[in-house]
Amino acid sequence: MIVVVGLSHRTAPIAVREKLVLESADLPDFLRALVQRPEVGEALLVSTCNRVELVAAGRAGFDSDLTRVANACVEALAVHSPGIAPHLYAHVGGAAVRHLFRVAASLDSMVLGEPQILGQVKEAYEIARKAGTVGPVLHRTLPRAIRAAKRVRTDTAIGSGQVSVPSVAVDLAREIFGDLTGHAALLVGSGEMAEAVARLLKVGGASIVVVGRTLSRAEELANAVGGSARPWSALQQSLVEADVVVTSTSAPHFVVDYEMVSAVRRARRGKNQFFIDLAVPRDVEPRIETLDGEFLYNIDDLSKVVSDTLSTRTREAASAEAIIGREAEGYDRWADAEQATPTIVQLRTRLSAALEEELSRSLRGRLKHLPESDRAALSKMVESAVNRLLHQPTIRLRQAALDRNAESLSLEQLTSAISELFGFDADGEVVSTPENALPDDVEASNSGLSLAPKAKVVASRN
Amino acid sequence: MVDVATIAFYLGVITYSVAATLFFLELARKDGDTLRAQWAPRLLAIGGALHAIHVLTASLLTHVCPIDSLHFALSFSALIAVGAYLLLRERLRLSALGAFIAPIALTFLVGAQFVGQSSEAAQGVSRTLLMFHIAANVLGIGLFLIAGAAGSVYLLQEHRLRTKKRVGMGSRLPPLDALDTTTHRLLLAGFPLLTFGVVTGAVFSHQLTNPGGAESLRSLLGYATWILLAAVLVLRKTAGFRGRKAAYGTIAGVVCMLLVLLLYVVRSSGGSSL
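Laid out in structure tokens, this is it:
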């Protein structure tokens, strides 16, 4: 299991979040230093403008003492950025898995359903992988988190639509014109939001013309958005050329009226035109909507689209949470089944070692005349025998790990019985007794056989 | 050969049906790229290939040139519509039109089974000219079917944007300009064929000794189609007649064309010839 330690927009104001800034160039060293600690075996760091979170696992994999891992992570972050400790949170075990899945699926984001976070989680995984700080636990956890997030995005409308007025305006322009490359946009007046729309239109490939009552101000704005400026007197002609018109003046009356647009429409030979009126009071006479090919969205229309999108996303969040719940349960089951692995490995080691010993003895004695091919065949036969012998116990142990039925034997009872029967000590290591001690020459594999993993088995459980 | 034609027919019906379903599901999807979006056009293409195999093998079996029979001509028109759609969809972002084209292809493939198997030229009618007449009409029908579908989708998309309902949620419908341009280009491509079809049709009609009421109505509807579509093209050029009005004009023209086709079908089912 894993721990997640960090802070986010929910627990820390920006003044605190900006203290915990880790340059991407420094990240691999930070992670390597962290996994040098005796408690931490694996680590990665998800860093965005709204959150910094360490995802870590202990040295003993799924059987690590997670509280100690969490404390080590808290300490590492607090040492790096003094003063942040009161804002840190720590999720441990199943709660950490659910949190990570929710983060990747953008359910914990400031803007629900924003798409960037999944890429940031993937990037964090990649950086840690390259730094060599990802082990078996994170290698199995992160892909599951990414898969869960993808399922959420595919199966729900959590990421649908746009949640800012400028983005909605540009999306609508695309619904009318398609690719904006080669289309002309006219910005009438100034204003922060109008500027943001103009910038997005420019990024989309549109050319920008700014018309203002004060030419110097228009020029300033045109330079800022990468367009050209024209005097107020050129408004009518600019309207004829513009496919998208963004208005944001402080005029108390309509700047673009019905008669003007009727004339413009004739000059444009009926080509579609999209008006985005961001001004209050409004700049564009609403009656122009009755003209064929003229589309008008004012600030209320756009805000309503944003609000509808947010409502949809909020409604979809319930479905997304259900998906995350199912994925996290799947992870829990898999992690439970993993608890049986150390015992299975112990059994395999013990059986393989015993058979290897017997075979090795025979190959040095009565069977020493056997050629290499026969020795290899015997080796294969013994390996198959071990597999067949362990097939049923493996299934039973994994079932016991998953089965929480009080009437059947628990994993603890079964592993305890196996330890007792086979003489494993409390830490899961094989107790060396005269009966089960392996002869030195078997370790050296001088028989040329390789039957069992030689690694020391650690199977401690929480 | 019979088996091949039959198997291709049934498989074509199945793949067209699945493609149509996927296109509709794709229109209604919530977000994100899905397998549906990839498989709907692929299945339509597979359906088109099976359709072509069916037309080819069945025409070989019956020893009838595919365009010399109403049965095959109907089928062939839909096949042309499918081909043109598959060629244009990527370039003009017309994926959503598949929701119209796939059911049309299915209807024409199945519907062609219930009309007369072949037409015989009336006495005194040039067989070569008749072949060209049918070929032009078949091609024109294929192109106008997509134009009509594009015009219908234009009206849907325009209505959506005007009423400001369900906007901003990532529409699956193509952009208005793409639909308008597609309609116009298809009309431009199909109009010379239609003109040829109407002129040759008028010649044949004149050659018939006793045209009858249905024949006269068919001629009238043919002229109405030509006038409506010509008006759409001319007014676009002269008076900027685009968008909604052009879409209505195109749909009206295509409806007239389909009525002409219906009269053919009804008459052909009755056993009379051209």
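Chains G and S supply the protein sequences, listed in that same order.
The working numbering numbers the first residue of the first sequence as 198 and each following residue consecutively.
The working numbering numbers the first residue of the second sequence as -15 and each following residue consecutively.
A virtual CB, placed ideally from N, CA and C, is assigned to each residue, including glycine.
Predicted model, so just to flag it, every value in this text is computed and none were measured.
**Item:** Cβ pair L377 (chain G), L398 (chain G) closer than 8 Å
**Value:** The residue labelled residue 377 (chain G) in the question sits at position 180 within the first sequence. The residue labelled residue 398 (chain G) in the question sits at position 201 within the first sequence. Yes, the Cβ-Cβ distance between L377 (chain G) and L398 (chain G) is below 8 Å.
**Request:** Within 10 angstroms of the Cβ of Y(-6) (chain S), are there 16 or more other Cβ atoms? Answer buried if so, exposed if not.
**Result:** Counted from its first residue, the second sequence places residue -6 (chain S) at position 10. Y(-6) (chain S) counts as exposed, since fewer than 16 other beta carbons sit within 10 angstroms of its beta carbon.
**Message:** Given a cut-off of 8 Å on the beta-carbon distance, is the pair A287 (chain G) and A342 (chain G) in contact?
**Reply:** As a first step, residue 287 (chain G) must be located in the first sequence, where it is residue number 90. As a first step, residue 342 (chain G) must be located in the first sequence, where it is residue number 145. Contact flag unset, no.
**Prompt:** Taking DSSP as the reference, what is the three-state secondary structure of I473 (chain G)?
**Reply:** Looking up residue 473 (chain G) in the first sequence gives position 276. If DSSP states are grouped into helix, strand and coil, I473 (chain G) belongs with the strands.
**Prompt:** Which chain G residues sit within Cβ distance under 7 Å of R228 (chain S)?
**Reply:** The residue you call residue 228 (chain S) lines up with position 244 of the second sequence. Those within 7 Å of R228 (chain S) in chain G are D489.
**Request:** Mind reading off the beta-carbon distance from I130 (chain S) to L170 (chain S)? Whole number of angstroms is fine, and I expect it under 8 Å.
**Result:** Counting from one through the second sequence, the residue named residue 130 (chain S) turns up at place 146. Counting from one through the second sequence, the residue named residue 170 (chain S) turns up at place 186. Going by Cβ atoms, the distance from I130 (chain S) to L170 (chain S) rounds to 6 Å, so yes, they are a contact pair.
**Any C-beta of chain S under 8 Å from that of V481 (chain G)** = Residue numbering aside, residue 481 (chain G) sits at position 284 when the first sequence is read from its first letter. So, not an interface residue.
**Asked** CB-CB under 7 Å to L27 (chain S), same chain, minus the five flanking residues each way: which ones, in chain order?
**Response** Numbered from 1 along the second sequence, position 43 holds the residue referred to as residue 27 (chain S). If we look at L27 (chain S) and ignore the five residues flanking it on each side, its Cβ neighbours are T(-1), V2, A3, L6.
**Asked** Using a C-beta to C-beta distance shorter than 7 Å, which residues of chain S count as neighbours of I541 (chain G)?
**Response** Translated into positions along the first sequence, residue 541 (chain G) becomes position 344. Those do not exist, as I541 (chain G) stays about 38 Å from chain S at its closest Cβ, beyond 7 Å.
**Prompt:** Taking the DSSP output, what are the residues bridged to F492 (chain G)?
**Reply:** Looking up residue 492 (chain G) in the first sequence gives position 295. Looking at the DSSP assignment, F492 (chain G) forms a beta bridge with G:F471.
**Asked** What runs of the alpha helix (DSSP H), each 4 residues or longer, lie entirely inside the stretch 329 to 390 of chain G?
**Response** The qualifying runs are 333 to 352, 362 to 374.
**Those runs of the alpha helix (DSSP H) which lie wholly inside the stretch 23 to 90 of chain S and span at least 4 residues** = Under the rule that a run must span 4 or more residues, the alpha helix (DSSP H) segments found entirely inside the stretch 23 to 90 of chain S read 54 to 76.
**Message:** Would A(-11) (chain S) pass as an interface residue toward chain G - the criterion being a Cβ-Cβ separation below 8 Å?
**Reply:** For the purposes of this step, residue -11 (chain S) is taken as residue 5 along the second sequence, with counting starting at 1. Interface flag for A(-11) (chain S) against chain G is unset, since no Cβ pair is found closer than 8 Å.
**Prompt:** For V218 (chain S), does the count of other Cβ atoms within 10 angstroms reach 16, so buried, or fall short, so exposed?
**Reply:** The count along the second sequence starts at 1 and reaches residue 218 (chain S) at position 234. By the neighbour-count definition (other C-beta atoms within 10 Å, threshold 16), V218 (chain S) is an exposed residue.
**Message:** Spatial neighbours of V39 (chain S) within its chain, please: C-beta separation below 7 Å, excluding the five flanking residues on both sides.
**Reply:** In the second sequence, residue 39 (chain S) corresponds to position 55, counting from 1. Taken in chain order, the residues that qualify are P50, F56, S59, F60, L63.
**Message:** Which same chain residues end up closer than 6 Å to I37 (chain S) when comparing Cβ atoms and leaving out the 5 residues on each side of it in sequence?
**Reply:** Here residue 37 (chain S) corresponds to residue number 53 of the second sequence, with the count starting at 1. Apart from sequence neighbours up to five positions away, the residues of its chain that approach I37 (chain S) with a beta-carbon distance below 6 Å are A(-8), ordered along the chain.
**Prompt:** Near A393 (chain G), what residues of its chain come up, given a Cβ to Cβ distance below 7 Å and the 5 sequence neighbours on each side ignored?
**Reply:** Sequence index remark: in the first sequence, residue 393 (chain G) carries index 196 (1-based). Closer than 7 Å at the Cβ level, and outside the excluded window around A393 (chain G), lie P363.
**Message:** Under DSSP, the beta strand (DSSP E) around V252 (chain G) begins and ends at which residues?
**Reply:** Residue mapping note: residue 252 (chain G) aligns to position 55 of the first sequence, counting from 1. Counted as a single uninterrupted DSSP element, the beta strand (DSSP E) harbouring V252 (chain G) occupies residues 248 to 255.
**Item:** Per-residue burial, N420 (chain G) [other beta carbons within 10 Å of its own, 16 or more giving buried]
**Value:** The sequence position of residue 420 (chain G) within the first sequence is 223, counting from 1. By the 10 Å Cβ count, N420 (chain G) comes out exposed.
**Message:** If the cut-off is 8 Å on Cβ atoms, which residues from the stretch 214 to 234 of chain G count as contacting chain S, listed in chain order?
**Reply:** Within the stretch 214 to 234 of chain G, no residue qualifies.
**Item:** Neighbourhood of I125 (chain S) by C-beta distance below 6 Å, restricted to the same chain and skipping five residues each side
**Value:** As a position in the second sequence, residue 125 (chain S) is number 141, starting the count at 1. Result list for I125 (chain S): S61, in chain order.
**Assigned secondary structure, T428 (chain G) (DSSP; H/G/I helix, E/B strand, else coil)** = In the first sequence, residue 428 (chain G) corresponds to position 231, counting from 1. The sequence shown places Pro at residue 428 (chain G), rather than the Thr named in the question. P428 (chain G) sits in a strand when the DSSP states are folded into three classes.
**Asked** Got a sec: which bits of the stretch 486 to 510 of chain G sit with their beta carbon under 9 Å from any beta carbon on chain S, in order along the chain?
**Response** Those would be E486, D489, G490, F492, Y494, D498, L499, K501, V502, V503, D505, T506, T509, in chain order.
**Prompt:** Three or more C-beta pairs closer than 8 Å, one from the stretch 366 to 375 of chain G and one from the stretch 154 to 165 of chain S: is that the case here?
**Reply:** Touching, yes.
**Request:** Report buried or exposed for E555 (chain G), applying the criterion of at least 16 other Cβ atoms within 10 angstroms of its Cβ.
**Result:** Locating residue 555 (chain G) in the first sequence gives position 358, counting from the first residue. Result: exposed.
**Item:** Three-state secondary structure (DSSP) of H168 (chain S)
**Value:** Indexing the second sequence from 1 puts residue 168 (chain S) at position 184. In this structure, H168 (chain S) counts as helix in the three-state DSSP scheme.
**Message:** With three or more beta-carbon pairs closer than 8 Å as the criterion, would you say the stretch 556 to 570 of chain G touches the stretch 583 to 597 of chain G?
**Reply:** Segment contact: the stretch 556 to 570 of chain G against the stretch 583 to 597 of chain G, fewer than three CB-CB distances shorter than 8 Å; contact not assigned.
**Prompt:** So, does the CB of F8 (chain S) fall closer than 8 Å to a CB anywhere in chain G?
**Reply:** Within the second sequence, the letter at position 24 stands for residue 8 (chain S). Cβ-Cβ to chain G under 8 Å: no for F8 (chain S).
**Asked** Rounded to a whole number of angstroms, what is the C-alpha to C-alpha distance between H296 (chain G) and L611 (chain G)?
**Response** Numbered from 1 along the first sequence, position 99 holds the residue referred to as residue 296 (chain G). Numbered from 1 along the first sequence, position 414 holds the residue referred to as residue 611 (chain G). Each residue's Cα considered, the two are about 32 Å apart.
**Asked** Smallest Cα separation from Q470 (chain G): which of G:R547, G:S504, G:A370, G:M457?
**Response** Residue numbering aside, residue 470 (chain G) sits at position 273 when the first sequence is read from its first letter. In terms of CA proximity to Q470 (chain G), G:A370 leads the group G:R547, G:S504, G:A370, G:M457.
**Asked** By a C-beta neighbour count over all protein chains shown, 10 Å radius and 16 as the cutoff for buried, is D226 (chain G) buried or exposed?
**Response** For this step, residue 226 (chain G) is matched to residue 29 along the first sequence. Looking at its Cβ environment, which holds fewer than 16 other Cβ atoms inside 10 Å, D226 (chain G) is exposed.
**Item:** Cβ-based neighbour list, N495 (chain G), same chain, cut-off 7 Å, excluding 5 preceding and 5 following
**Value:** Translated into the one-based positions of the first sequence, residue 495 (chain G) becomes position 298. Closer than 7 Å at the Cβ level, and outside the excluded window around N495 (chain G), lie D474, R479.
**Message:** Please state the DSSP three-state secondary structure of T245 (chain G).
**Reply:** One-based indexing of the first sequence puts residue 245 (chain G) at position 48. Three-state result, T245 (chain G): coil.
**Message:** So, at 6 Å on beta carbons, what are the nonlocal neighbours of L436 (chain G) in its own chain, with the 5 sequence-adjacent residues on each side left out?
**Reply:** Position 239 of the first sequence, counted from the start, is the residue given in the question as residue 436 (chain G). The residues are V461.
**Request:** Might you give, ordered along the chain, the residues of its own chain that have their beta carbon closer than 8 Å to the beta carbon of R73 (chain S), omitting 5 neighbours on each side?
**Result:** Residue 73 (chain S) sits at position 89 when you count from the first residue of the second sequence. Around R73 (chain S): P25, S79, L81, G82.
**Asked** Would you call G181 (chain S) buried or exposed, if buried means 16 or more other Cβ atoms sit within 10 Å of its Cβ?
**Response** To locate residue 181 (chain S), count along the second sequence from 1; it is residue 197. It counts as buried.
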